[in-house]
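Q: The sequence shown begins at 264 in the working numbering and counts up by one.
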Amino acid sequence: MSNPRWRTAVALTVLTALTLAGCGADPGPPAEPERSPSSTPAPAATPSPDDPAALAAAAVVATLGDEDLAGQVLMPYAYGNSATKVTAGSAAGNQKLAGVDTPAQMVEKYRLGGLILVGFSADDPTGGNQPTTNVENPKQVHDLTAGLQKAAAGLPAGKAPAGGPAAPLLIGTDQEYGAVTRIRTGVTQLPTAMAFGAAGDAGLTESAWHVAGAELAALGVNVDFAPVADVLGASDSVVIGSRSYGSDPKAAAVQVGGAVRGLQRAGVAATLKHFPGHGHTAADSHTDLPALNQDRAALDADDLPPFRAGIDAGAWLVMSGHLDVRSIDPGTAATFSRKVLTDLLRGELGFTGVVVTDGMNMAPAQKWPAGEAAVRAINAGNDLLLMPPDVTAAHAGLLAALRDGSLPRERLVEAATRVLTLKFRLAGQARPEMSTVGSTAHAEAVGKLSAAAITQLRGACATPPVRGPITVSSSGGRDGTRAALTEALRANGVKVVDSGGTVVHLVGYGDGAGDLRADADVTVGMDTPYLLGKAKSGVLIATYSSSRLSMTALARVLAGKAGSPGRSPVEVAGLPRTSCR
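1) Residues in the same chain with beta-carbon distance under 6 Å from S809, minus the five sequence neighbours each way, listed in chain order, please.
2) Identify whether D778 lies in helix, strand or coil by the three-state DSSP scheme.
3) Threshold first: 4 residues or longer. Then list the alpha helix (DSSP H) segments lying entirely within the segment 776-839, N to C.
4) Return the chain-ordered ranges of every beta strand (DSSP E) run that is complete within the segment 410-475 and spans a minimum of 3 residues.
5) Are there three or more Cβ pairs, one per stretch, closer than 8 Å when the segment 673-689 is compared with the segment 436-449?
6) If we ignore side chains and look at the alpha-carbon of each, how far apart do L467 and G710 end up?
7) I need the straight-line Cα distance from G740 to G542, nearest angstrom please.
8) Quick one: give me the first and last residue of the beta strand (DSSP E) that Q719 is part of.
9) Exposed or buried, what is G837 when buried is set at 16 or more other beta-carbons lying within 10 Å of its beta-carbon?
10) With H, G and I counted as helix, E and B as strand and the rest as coil, what does DSSP make of V588?
11) Where does K799 land, buried or exposed, given buried means 16+ other C-beta within 10 angstroms?
12) DSSP has T765 in a bridge; who is on the other side?
13) For the segment 603-621 against the segment 569-588, are there 3 or more C-beta pairs whose distance is under 8 Å?
14) Quick one: any contact between the segment 710-721 and the segment 827-836, if contact means 3 or more CB pairs under 8 Å?
15) Go through its chain and collect everything with a Cβ distance to F538's Cβ below 7 Å, but skip five positions before and after it.
16) Check the DSSP bridge columns for M338 and list the partner residues they point to.
17) In whole angstroms, what is the alpha-carbon distance linking L612 and A533?
18) Do you know whose CA, among V802, T815, S713, G701, lies nearest R753's CA?
19) Tell me the DSSP secondary structure of K536 in three-state form.
20) Measuring straight from C-alpha to C-alpha, what distance separates D565 and V370?
21) Cutting at 6 Å between CB atoms, please list the residues of its own chain near R528, excluding the five before and the five after it.
22) Is the distance from the Cβ of A657 to the Cβ of L648 below 8 Å?
23) How is the beta strand (DSSP E) around M582 delimited, first residue to last?
24) Between A664 and V638, how many whole angstroms is the CB-CB distance? I'm expecting something under 8 Å.
25) State the start and end residues of the unbroken beta strand (DSSP E) segment that holds T620.
26) Check for me: the beta strand (DSSP E) holding I379 runs from which residue to which?
27) Can you name, in chain order, every residue of its own chain whose Cβ lies under 8 Å from the Cβ of Q412, other than the five neighbours on each side?
28) By DSSP, does A481 sit in helix, in strand, or in coil?
29) According to DSSP, simplified to helix, strand and coil, what is V531?
30) With burial defined as no fewer than 16 other Cβ atoms inside 10 Å of the residue's Cβ, what is the status of S762: buried or exposed?
31) Can you list, in chain order, the residues of its chain whose CB lies under 6 Å from that of C843, leaving out five sequence neighbours each side?
32) If you count every other CB in all the chains shown that lies within 10 Å of the CB of K359, and 16 or more means buried, which is it?
Put into structure tokens, the structure is as follows:
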């Protein structure tokens, strides 16, 4: 993207295209979703010659008709684990969603800017708006993304100006790690964001997120809807919980910056979410419109620092939250608020990248029909609409609004240009080999972070914290995690028995006081540490994560081969941040 000859050629292409396109041309008659040859190309502004990605985007946008412009701001989900071969059930789902059978047909018909890969597990606070699962294993994801890129390659928005690299389809997913992890099998699993906050080491954070980015890039995913930049304000914010780096805005800001740098150094676009902050809320924006009740000074001090840090680190996307920001635009979700997205995010924070909505199939966004909601979101300042519940209606609504003037052409052109600028930033990025996915080297890098997060909140920090043989127990449904810890303990020379000895009890996401064990010698919290405040055990340890690497790190602590260097990034009533220092 830095080739000076290509930059010059693109600049000439931009000027030529703008001359041919004209400005303020009549959009012409309404069109079907397929691109009409008679659609009038859209005007565009001349970008800086120092930004080849923006130059390339302007050159392409200046040649696009209405249908392509509308398609570029859409990033729906699709049914099926293959781009071109789907089951009858998946075809029926795609027909209802977009009037097509396959994901590839959806990309081609609507000239999509991108597609999100979705999925859910039992431990997932976002499962309510995940209507299907199209991620299974690394090879399947790799083949799916390759098929999607093939479908997009011949479309007008994918053409490369002046011989440079073509703009790829944006393929994103919510790979936050922890409770919200779409690709779970065969990849290196990072711990939760809260574990990063406990470790408090920006270098380890960047290294671990670089591993995540490299593996996503190898699979063909070029946008990660992470990191979560929400500062946790209350223990009852269950929809965010361990997805947050903690309750200290400054400490969370450091972690968010490291995550952004790690992902984007690997060629994967990072997304700051959920702007302007979901951590000081109790309600779930999947089903309600949570309110941010703090005044503007508190918003600036407690919620915005991680977003500022992420923007300073160069994050390419920010996700708007379905949040009622009372101090700025009361009663209006931030997703649909120009005061929040245009005045605050663009104006005050100076963000110039892509603003993407949270799921448009979530309750606050379904206040209006899909077409009207799409127009409202773009007019507010969003550039990319995620997961519209009706792709046909969203696309048609944007076209109709162009015709009647309720969606200014300049706003849609601006949004499409930002989307294509991101695409050209991603164009030509080196793609790691599949052999790097789940590699030993990656496990070592993430293992260091997982070990640095282990926190002891009660008990003397003598080594080891327990004596004699160990019985491992857990709350229901954690057989795999219990087996992973048992295996790791034995690998570290610890005798594990079925009963008797020292009882180590595991609790995690979704557990309550009834899942604690009164006779446990050691209670281990594998999600937020709040539940540990109710445990009676003499030793309390937080891993913040149930990943295999976290269990390996825990085993070393229990075996007396490592200490517990972490510090809780949130306050737990009655407990210190660490009992070890």
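Backbone N, C-alpha and C define an ideal beta-carbon position, used for all residues, glycine too.
A: Quick look at the numbers:
1) For S809, where only same-chain residues beyond five positions count, the Cβ hits under 6 Å are T744, G771, M789.
2) Helix at D778.
3) Taking only runs of at least 4 residues, the alpha helix (DSSP H) segments lying wholly in the segment 776-839 are 811-821.
4) Those beta strand (DSSP E) runs which fall completely within the segment 410-475 and span 3+ residues are 433-436, 438-440.
5) Not touching, per the Cβ criterion.
6) Whole-angstrom Cα-Cα distance: 10 Å.
7) Linking G740 to G542 through their CA atoms gives a straight-line distance of about 28 Å.
8) Q719 -> beta strand (DSSP E) spans 718-721.
9) Counting Cβ neighbours within 10 Å, G837 comes out exposed, since fewer than 16 surround it.
10) The three-state reading of DSSP puts V588 in strand, counting E and B together.
11) Per the 10 Å Cβ criterion, exposed.
12) For T765, which the question treats as bridged, DSSP gives the partners I733.
13) Inter-segment contact for the segment 603-621 and the segment 569-588 is present: three or more beta-carbon pairs are separated by less than 8 Å.
14) They touch, by the three-pair rule.
15) Same-chain partners within the cutoff: F570, V581, M582, S583, G584, A597, L608.
16) M338 is bridged by DSSP to L649.
17) Spanning the two alpha carbons is a distance of roughly 17 Å.
18) Checked all of V802, T815, S713, G701; the closest Cα to R753 is T815.
19) Correct three-state label for K536: strand.
20) Going from the Cα of D565 to the Cα of V370 covers about 40 Å.
21) The residues are H473.
22) Yes.
23) For M582, the enclosing beta strand (DSSP E) covers residues 580-583.
24) About 4 Å separates the CB atoms of A664 and V638; that is less than 8 Å, so the two are in contact.
25) Note, T620: beta strand (DSSP E), 617-620.
26) Counting along the chain, the beta strand (DSSP E) containing I379 begins and ends at 377-380.
27) The residues are P431, L432, I434, G483.
28) Helix.
29) Under the three-state reduction of DSSP output, V531 falls in the coil class, being neither helix nor strand.
30) So S762 counts as exposed.
31) Q719, C724, S827.
32) K359 should be labelled exposed.
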